[in-house]
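Numbering (this note's numbering), first residue to last: 1 to 423. Input: a single structure, listed below in structure tokens.
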Amino acid sequence: MTLTGAAGPATTELPLRRNRDFLLLWSGASLSFLATRVTSVAYPLIVLWHTGSPLAMSVVSTAALLPLLLVQLPAGAVVDRWDRRRVMLGCEAGRVLAVGSVALSLAVGRLSVAHLAAVAFTEASLAVFYRLAERGAVRNLVPASQLPAALAQNEARGRAAGLLGQPAGVLLQSAGRALPFASGALGYLLSAASLLLIRKPFQEQRAAPADTGRLAGEVAEGLRWLWGQRFLRAALGYVAATNVLFQMLALALVLRIKEAGLPSQTLAVVVGIGGVGGLCGALAGGRIQRRIRRQRTLLIAGAVSWALLIGAMGLTGSPVALGALYAGTGFVGAVFNVAAAVYQVRTTPDALQGRVAAAAGLIGSGTNAAGSFAGGLLLAAWGALPTVRTIAAAMAVLAVFAALAPDLKGEQADEATREDPRD
Numbered sequence: 001m002t003l004t005g006a007a008g009p010a011t012t013e014l015p016l017r018r019n020r021d022f023l024l025l026w027s028g029a030s031l032s033f034l035a036t037r038v039t040s041v042a043y044p045l046i047v048l049w050h051t052g053s054p055l056a057m058s059v060v061s062t063a064a065l066l067p068l069l070l071v072q073l074p075a076g077a078v079v080d081r082w083d084r085r086r087v088m089l090g091c092e093a094g095r096v097l098a099v100g101s102v103a104l105s106l107a108v109g110r111l112s113v114a115h116l117a118a119v120a121f122t123e124a125s126l127a128v129f130y131r132l133a134e135r136g137a138v139r140n141l142v143p144a145s146q147l148p149a150a151l152a153q154n155e156a157r158g159r160a161a162g163l164l165g166q167p168a169g170v171l172l173q174s175a176g177r178a179l180p181f182a183s184g185a186l187g188y189l190l191s192a193a194s195l196l197l198i199r200k201p202f203q204e205q206r207a208a209p210a211d212t213g214r215l216a217g218e219v220a221e222g223l224r225w226l227w228g229q230r231f232l233r234a235a236l237g238y239v240a241a242t243n244v245l246f247q248m249l250a251l252a253l254v255l256r257i258k259e260a261g262l263p264s265q266t267l268a269v270v271v272g273i274g275g276v277g278g279l280c281g282a283l284a285g286g287r288i289q290r291r292i293r294r295q296r297t298l299l300i301a302g303a304v305s306w307a308l309l310i311g312a313m314g315l316t317g318s319p320v321a322l323g324a325l326y327a328g329t330g331f332v333g334a335v336f337n338v339a340a341a342v343y344q345v346r347t348t349p350d351a352l353q354g355r356v357a358a359a360a361g362l363i364g365s366g367t368n369a370a371g372s373f374a375g376g377l378l379l380a381a382w383g384a385l386p387t388v389r390t391i392a393a394a395m396a397v398l399a400v401f402a403a404l405a406p407d408l409k410g411e412q413a414d415e416a417t418r419e420d421p422r423d
């Protein structure tokens, strides 16, 4: 299978702010992502209120995380096989019914932990399908030259949904236990309506699969293609390693604040400031990606910046300084996410978009548990400050790896420098 620089069917070169179809997709997905954030924070609150059991809360939280490990690869194959618009509509319809059932159960006073766990798993699974289909659809709605800006706006949307959705979920749950789920159902319903208004197709013309039972084979095809891309393969290994370190850093920050004798509310301030940094990085990501065209340069610069910022965290106990440094790491992370998304979407054939994005997501999220476990061991043995400094040193080692690894020197030429065959 050959690579292609094309980014979908012919698209008129209009500014993104005047691209009706992209704006409909972006705004609908914004409502969908916000709804997910609102309901995700409401699940543990509802369980704890309903049962008073931390174990029950853990069961529901685990059910919401399992799809990241169990569903991504088959979801990628399904998204590449079926019409992306129909997949996304099905996801929104399913989530309306799922979270709507929780709102109804709460309204009549009949709710069980098993019901909540099943809904949490269902909602998170459908979110995986939706996210993979939406990423593949973007490149078919915008010109190739505008792909960095479009994906930067998507990254900013995700960061903003996190900043707004979690406090909104808490406030809605305080006002009425069913409100987070009722509002989530409304958000998914409006998202579905926006999909119906989009005129352009969400994928290139493709033949129907000859054997509808070859799902495992289609997953393997995507994995084989990804394994054959030396740069993407090495870059994903780098991403997995940085995710381990950031899971450790998140735990270290909690202990850092506790060891400093600061109130627990300080953590909310630090994380909130960090979220603002991530949002700013997402907004700037498209412009930075256009200026620094080589992904390897971004990998090296990102690791060096992270090493310096995390190292500085080991030298200060000021909440404001910690928040500012954490915001810096979020800024760099958002820029890197935009650049990585642009490279993956541009270099992956349209027919493999879902499977490659799913494999990449599985590698990234699959390291989170390892990071949390390793972070717990280090924090128990050394405490917060030595752990933070160890994380900074490890990030510096990754910068050296990015500079020396031969596979990271083999990236494809930036598609933005080529003539768009659609124009």
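Note that CB positions come from ideal geometry on N, CA and C, so glycine has one too.
Exercise for the section: Tell me, please, whether the region 300-309 touches the region 181-195 by the rule of three or more beta-carbon pairs shorter than 8 Å. Expected result: no
Problem - V108, buried or exposed, once every other Cβ within 10 Å from all chains shown has been counted against 16 - result: exposed
Problem - Collapsed DSSP secondary structure at P421 in the structure displayed - result: A caution first: P421 carries a pLDDT of 36, below 50, which makes its placement in the model unreliable, though a value can still be read off. DSSP places P421 in coil when its eight states are reduced to three.
Practice task
Find out if the Cβ-Cβ distance for the pair A489, R256 is shorter than 8 Å.
Solution key: Examination of residue 489 is not possible in this model, given that the chain is present from 1 through 423 alone.
Problem - Residue burial classification, E13 (beta-carbon count within 10 angstroms, cutoff 16) - result: exposed
Handout entry: Alpha-carbon to alpha-carbon, Q247 and G428
Key = The structure shown does not extend to residue 428, since the chain is modelled only from 1 through 423, so no value can be given for it.
Handout entry: Span separating the alpha-carbon of T387 from that of T242
Key = 15 Å
Problem - Runs of alpha helix (DSSP H) wholly within the region 57-109 (minimum 4 residues, chain order) - result: 67-70, 72-81, 84-108
Exercise for the section: Note down the Cα distance separating L70 from W227, rounded to an integer number of angstroms. Expected result: 20 Å
Problem - Residue of F331, Y43, L68 minimising C-alpha distance to C280 - result: F331
Exercise for the section: Following the continuous alpha helix (DSSP H) through R224, name the residue where it begins and the one where it ends. Expected result: 215-227
Practice task
Quick one: measure Cβ to Cβ for L132 and A370, integer angstroms, because I've assumed they're closer than 8 Å.
Solution key: About 23 Å; that fails the 8 Å criterion.
Exercise for the section: Classify N337 as helix, strand or coil using the three-state DSSP reduction. Expected result: helix
Practice task
Take C91 and list the residues in its own chain whose beta-carbon comes closer than 6 Å to its own, dropping the five residues that flank it on each side.
Solution key: L126, F129, Y130
Exercise for the section: Compare the beta carbon distance of V342 and G184 with 8 Å and say whether it is the shorter of the two. Expected result: no
Problem - Where V60 falls, given that 16 or more other Cβ within 10 Å makes a residue buried - result: buried
Handout entry: Burial state of G328 (16 or more Cβ within 10 Å)
Key = buried
Handout entry: Span separating the alpha-carbon of G237 from that of A301
Key = 17 Å
Exercise for the section: Give me the Cα-Cα distance between S32 and A321, rounded to the nearest whole angstrom. Expected result: 34 Å
Exercise for the section: Measure the beta-carbon distance from V345 to L73 and round it to whole angstroms, keeping in mind my assumption that it falls under 8 Å. Expected result: Wrong, their Cβ atoms sit about 18 Å apart, outside the cutoff.
Handout entry: Proximal residues to A303 (C-beta, below 7 Å), its chain only, five neighbours per side dropped
Key = M395, L398, A399, A402
Problem - Backbone secondary structure at S424 - three-state DSSP - result: For the chain, the structure presents residues 1 to 423; residue 424 sits outside this window and is missing.
Handout entry: Buried or exposed by the 16-neighbour rule on C-beta atoms within 10 Å, applied to F373
Key = exposed
Handout entry: Under the three-state DSSP convention, the category R18 falls into
Key = helix
Practice task
Look at I391 and L249 and say whether their C-beta atoms are less than 8 Å apart.
Solution key: yes
Problem - Proximity winner among G314, P15, V78, G333, relative to A150 (alpha-carbon distances) - result: P15
Problem - Nearest-angstrom Cα separation, counted from Q153 out to Q295 - result: 19 Å
Practice task
Let me know if Q166 comes out buried or exposed under the rule of 16 or more other beta-carbons within 10 Å of its beta-carbon.
Solution key: buried
Practice task
Determine the DSSP secondary structure at A405, reduced to helix, strand or coil.
Solution key: coil
Exercise for the section: Find the nearest neighbour of F121 within the set L65, G274, T347, A360, judged by alpha-carbon distance. Expected result: L65
Practice task
Measure the Cβ-Cβ separation of P319 and L253 and say whether it is below 8 Å.
Solution key: no
Practice task
Return helix, strand or coil for N140, following the three-state DSSP convention.
Solution key: coil
Practice task
Mark L377 as exposed unless 16 or more other C-beta atoms lie within 10 angstroms of its C-beta, in which case mark it buried.
Solution key: exposed
Handout entry: Neighbourhood of A77 by C-beta, 6 Å cutoff - its chain only, sequence neighbours within 5 removed
Key = L215, E218, V219, R355
Problem - Helix, strand or coil at E13 according to DSSP, with G and I counted as helix - result: coil
Exercise for the section: Below 8 Å CB to CB, which residues in the same chain sit around R233 once its five sequence neighbours on both sides are set aside? Expected result: L226, W227, D407
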